[in-house]
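Q: Handing you a structure now.
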Amino acid sequence: MELMDIAFPNLGIYLKNVPKSFTVFGFEIALYGVIIGIGVLAGILMAEKVAKKSGQDSDMYWDFAIYAVIFSIIGARIYYVIFAFDQYKNNLLGIFNIRQGGLAIYGGVIAAFATLFVYAKVKKQNALLMADTGVAGLILGQAIGRWGNFTNREVFGEYTDNLFAMRLPAAAVRSSDISESIAEHMTEGINYIQVHPTFLYESLWNLGILAIILLYWKHKKFEGEIALLYLGGYGLGRVWIEGIRTDQLFIPHTAVPVSQALAAALTVGALICDMIVRKRLKDKKMKEE
1 MELMDIAFPN LGIYLKNVPK SFTVFGFEIA LYGVIIGIGV LAGILMAEKV
51 AKKSGQDSDM YWDFAIYAVI FSIIGARIYY VIFAFDQYKN NLLGIFNIRQ
101 GGLAIYGGVI AAFATLFVYA KVKKQNALLM ADTGVAGLIL GQAIGRWGNF
151 TNREVFGEYT DNLFAMRLPA AAVRSSDISE SIAEHMTEGI NYIQVHPTFL
201 YESLWNLGIL AIILLYWKHK KFEGEIALLY LGGYGLGRVW IEGIRTDQLF
251 IPHTAVPVSQ ALAAALTVGA LICDMIVRKR LKDKKMKEE
């Protein structure tokens, strides 16, 4: 297997010379960044579409997106650096180099929600309605952005021989991402690893969440319910996927993956919040009757 090749043997797919970057006028551009950019644009367009259908000012979401993108990238980087600081403690300038990856989605999500609530307060908008609208774009952007991990040869799981098993040349990935389980299946003469393509699992899961969001929108019981659906739905998938990844970020001095713990907390929290609000609405309706 050549260094830049990627294969899905059980699907009969063999991709030769999949690049990590390309050059324009002598300047190297990482595909990771290009794909993230495409995801951002697609997400904004999706939010605009949902806003129009729900009678909102769709132009407002383009304005909001400028702030959201900037602070989400900063948040995603800060989150990653905090929980992977050992990679940067001897090279602090490396903290500012995001062209090779190193963005944690949950950091971006936290920053995006914080930015939204500040923006809504300043602009005197309905923050919960904006959150419902924004998460449709956010989940689409995440689904597309995960393919940046594909070109970067990162965000994969343990060894597997299932239908979606992916093969990568061992020399093309970070040695720290090759677990003992993966290494055990690298017999003499084999120069590749065979793993779960967790980036693919998450991308497909996110598209499923998007479909549910769009179908349920007209049936939501209260403002903010779609945002809770996103937090719970995405969190549920992340709990599973994070458990099989080999590049987990851990809570300091523990063996607990921080994103898995956060995903579990958000899933449970979203469910509880939804139940509480629904009960209050039901009680209010009964009193009115």
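With my numbering, the residue at position 147 of the sequence shown is 147, and numbering never jumps. Glycine is no exception: its CB is placed at the ideal position from the N, C-alpha and C atoms.
Leaving out five residues on either side along the sequence, give the residues of the same chain with a beta carbon under 7 Å from the beta carbon of Y88.
A: Translated into the one-based positions of the sequence shown, residue 88 becomes position 88. For Y88, where only same-chain residues beyond five positions count, the Cβ hits under 7 Å are V81, G94 and I95.
Q: State the DSSP-derived secondary structure class of V122, mapped to helix, strand or coil.
A: Indexing the sequence shown from 1 puts residue 122 at position 122. Correct three-state label for V122: helix.
Q: Considering only their Cβ atoms, is the gap separating R77 from I110 smaller than 7 Å?
A: As a working note, residue 110 is residue 110 in the sequence shown. As a working note, residue 77 is residue 77 in the sequence shown. The answer is no: Cβ separation not under 7 Å.
Q: Checking 7 Å against the spacing of the C-beta atoms, do P169 and Y201 come in under that value?
A: Looking up residue 169 in the sequence shown gives position 169. Looking up residue 201 in the sequence shown gives position 201. Against a cut-off of 7 Å, the Cβ pair of Y201 and P169 comes out as no contact.
Q: Could you please give me the residues that DSSP links to I193 through a beta bridge?
A: Walking along the sequence shown from the start, residue 193 turns up at place 193. According to DSSP, I193 bridges with L168.
Q: Ends of the alpha helix (DSSP H) at S72?
A: Within the sequence shown, the letter at position 72 stands for residue 72. Note, S72: alpha helix (DSSP H), D59 to F83.
Q: Could you check if V50 is buried or exposed, using at least 16 other CB atoms within 10 Å of its CB as the buried criterion?
A: Residue numbering aside, residue 50 sits at position 50 when the sequence shown is read from its first letter. Buried, by the Cβ-count rule.
Q: Since I believe V239 is in contact with T198 (beta carbons under 8 Å), could you give me their beta-carbon distance rounded to a whole number of angstroms?
A: As a working mapping, residue 198 is identified with position 198 in the sequence shown. As a working mapping, residue 239 is identified with position 239 in the sequence shown. At roughly 13 Å, the Cβ-Cβ gap does not stay under 8 Å, so T198 and V239 are not in contact.
Q: Of the choices I178, N149 and F164, whose alpha-carbon is the least far from that of E158?
A: Position 158 of the sequence shown, counted from the first residue, corresponds to residue 158. Out of I178, N149 and F164, I178 has the C-alpha closest to the C-alpha of E158.
Q: Which same chain residues, not among the five before or five after D161, have their C-beta less than 8 Å away from its C-beta?
A: The count along the sequence shown starts at 1 and reaches residue 161 at position 161. Contacts found: N10 and Q194.
Q: What are the residues that DSSP puts in a beta bridge with T23?
A: Reading the sequence shown from its first residue, position 23 is the one you call residue 23. BP columns for T23 point to E28.
Q: Span of the alpha helix (DSSP H) holding A136?
A: For the purposes of this step, residue 136 is taken as the residue at position 136 of the sequence shown. Looking at the DSSP string, the run of the alpha helix (DSSP H) that includes A136 is A127 to G145.
Q: Starting from Y234, trace the beta strand (DSSP E) in both directions and tell me its first and last residue.
A: For the purposes of this step, residue 234 is identified with residue 234 of the sequence shown, where counting begins at 1. Not the beta strand (DSSP E): Y234 falls in the alpha helix (DSSP H), residues E225 to E242.
Q: Hey, A127 and A136: beta-carbon distance below 7 Å or not?
A: Here residue 127 corresponds to residue number 127 of the sequence shown, with the count starting at 1. Here residue 136 corresponds to residue number 136 of the sequence shown, with the count starting at 1. Cβ distance not < 7 Å, so A127 and A136 don't count as in contact.
Q: Can you give the Cα-Cα distance for M4 and K220, rounded to whole angstroms?
A: Within the sequence shown, the letter at position 4 stands for residue 4. Within the sequence shown, the letter at position 220 stands for residue 220. Whole-angstrom Cα-Cα distance: 46 Å.
Q: So what's L103 in DSSP terms, helix, strand or just coil?
A: Start at 1 with the first residue of the sequence shown, and residue 103 comes out as number 103. Coil, per DSSP.
Q: Between I29 and the rest of its own chain, which residues show a CB-CB distance below 8 Å, the 5 nearest in sequence each way excluded?
A: On the sequence shown, position 29 is the one that residue 29 refers to. If we look at I29 and ignore the five residues flanking it on each side, its Cβ neighbours are S21, F22 and T23.
Q: Hey, quick one: how far does the alpha helix (DSSP H) through A183 stretch, first residue to last?
A: Position 183 of the sequence shown, counting from 1, holds the residue named residue 183. Element bounds for A183: E180 to E184.
Q: From what residue to what residue does the alpha helix (DSSP H) around Y159 run?
A: As a first step, residue 159 is located in the sequence shown; it is residue number 159 there, counting from the start. Neither: Y159 is in no alpha helix (DSSP H) and is coded neither H nor E.
Q: State the beta-bridge partners of Y14 as determined by DSSP.
A: Locating residue 14 in the sequence shown gives position 14, counting from the first residue. In DSSP, Y14 forms a bridge with A7.
Q: From the DSSP output, read off the bridge partner residues of P257.
A: Counted from its first residue, the sequence shown places residue 257 at position 257. Paired residues: F250.
Q: Exposed or buried, which one is L210 when buried takes at least 16 other CB atoms within 10 Å?
A: Here residue 210 is taken as the residue at index 210 of the sequence shown, counted from 1. L210 comes out buried.
Q: Note down the Cα distance separating P257 from I13, rounded to an integer number of angstroms.
A: The residue given as residue 257 occupies position 257 in the sequence shown. The residue given as residue 13 occupies position 13 in the sequence shown. Between P257 and I13, the C-alpha separation is close to 32 Å.
Q: With H, G and I counted as helix, E and B as strand and the rest as coil, what does DSSP make of R174?
A: For this step, residue 174 is matched to residue 174 along the sequence shown. Residue state, collapsed to three classes: coil.
Q: Do L116 and A104 have their C-beta atoms within less than 7 Å of each other?
A: Residue numbering aside, residue 116 sits at position 116 when the sequence shown is read from its first letter. Residue numbering aside, residue 104 sits at position 104 when the sequence shown is read from its first letter. No, the Cβ-Cβ distance between L116 and A104 is not below 7 Å.
Q: Note down, in chain order, each residue of its chain lying with its Cβ closer than 8 Å to the Cβ of N17, except the 5 sequence neighbours on either side.
A: The sequence position of residue 17 within the sequence shown is 17, counting from 1. E2, M4 and D5.
Q: Go ahead and pull the three-state DSSP assignment for R153.
A: Taking the sequence shown and counting its residues from 1, the one referred to as residue 153 is at position 153. If DSSP states are grouped into helix, strand and coil, R153 belongs with coil.
Q: Return the chain-ordered list of same chain residues with a C-beta closer than 7 Å to the C-beta of I44, the five sequence neighbours on each side being excluded.
A: As a working note, residue 44 is residue 44 in the sequence shown. Excluding positions up to five away in sequence, the list reads Y61, W62, A65 and G137.
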